[in-house]
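Trainee:
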Amino acid sequence: MSETILRAHKRVETEAVSESLPRAVEHAEVERIGANEGDSGEIETLPDGSISIPVLEEELVITRRVVVRERIVIRKETRTEHEVVRAELRKERVEIEGGNE
Numbered sequence: 088m089s090e091t092i093l094r095a096h097k098r099v100e101t102e103a104v105s106e107s108l109p110r111a112v113e114h115a116e117v118e119r120i121g122a123n124e125g126d127s128g129e130i131e132t133l134p135d136g137s138i139s140i141p142v143l144e145e146e147l148v149i150t151r152r153v154v155v156r157e158r159i160v161i162r163k164e165t166r167t168e169h170e171v172v173r174a175e176l177r178k179e180r181v182e183i184e185g186g187n188e
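In my numbering, the protein residues as written are 88 to 188.
Below is the structure:
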């Protein structure tokens with residue numbers, strides 16, 4: 088019976104990569120609109136998911152009262168932008184010497 092000697096060499100290779108990857112970015116759109124007569128003055132969630140916030144002011148009418156002056160509507164929108172990501176990726180390689188080659 089003969090003895091076989093094997094040697095294993097492990098090394099790390101580094102590979103530079105550059106890829107364009109999508110990423111979601113949220114932006115807020117603010118719209119100012121005049122108040123309607125008889126506006127409730129409450130914060131409202133609109134059917135599209137936007138939020139409508141009343142802006143109040145005092146108005147002098149024989150007596151003072153709070154009325155809705157305008158509403159601020161805030162909508163959330165997600166946009167996809169591409170960003171180049173650069174990185175060094177490493178992987179190991181193993182070489183075997185000896186044995187039945």
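No residue lacks a Cβ here, since even glycine has one placed at the ideal position from N, Cα and C.
1) Residues bridged to Pro109 by DSSP?
2) Between the alpha carbons of Val104 and Arg177, how many angstroms are there, rounded?
3) Any idea which residues DSSP pairs Glu164 with across the strands?
4) Could you check which residue in Ile183, Arg119 and Gly128 has the C-alpha nearest to that of Val153?
5) Determine whether the beta carbon atoms of His114 and Glu182 lie at a separation below 8 Å.
6) Taking the straight line between their C-alpha atoms, what separation do you get for Gly185 and Glu90?
7) With DSSP run on the structure shown, which of helix, strand or coil describes Thr91?
8) Does Glu134 come out as helix, strand or coil in the three-state DSSP assignment?
9) Candidates Ile130, Glu144, Val112 and Arg180: which alpha carbon is nearest Glu202's?
10) From Gly125 to Lys163, what distance separates their C-alpha atoms?
Mentor: Considering the structure as presented:
1) Beta-bridge pairing by DSSP links Pro109 to His169.
2) If you take the alpha carbons of Val104 and Arg177, they lie about 11 Å apart.
3) Bridge partners of Glu164: His114.
4) Ranked by Cα distance from Val153, the first of Ile183, Arg119 and Gly128 is Gly128.
5) Against a cut-off of 8 Å, the Cβ pair of Glu182 and His114 comes out as no contact.
6) A straight line joining the alpha-carbon of Gly185 with that of Glu90 spans about 11 Å.
7) Secondary structure at Thr91: coil, using DSSP grouped into helix, strand and coil.
8) Here the sequence assigns Pro to residue 134, which means Glu is not the residue at that position. Assignment of Pro134 by DSSP, reduced to helix, strand and coil, places it in the coil class.
9) This structure cannot speak to residue 202, because the chain is shown only from 88 to 188.
10) Near 27 Å, if we compare the C-alpha coordinates of Lys163 and Gly125.
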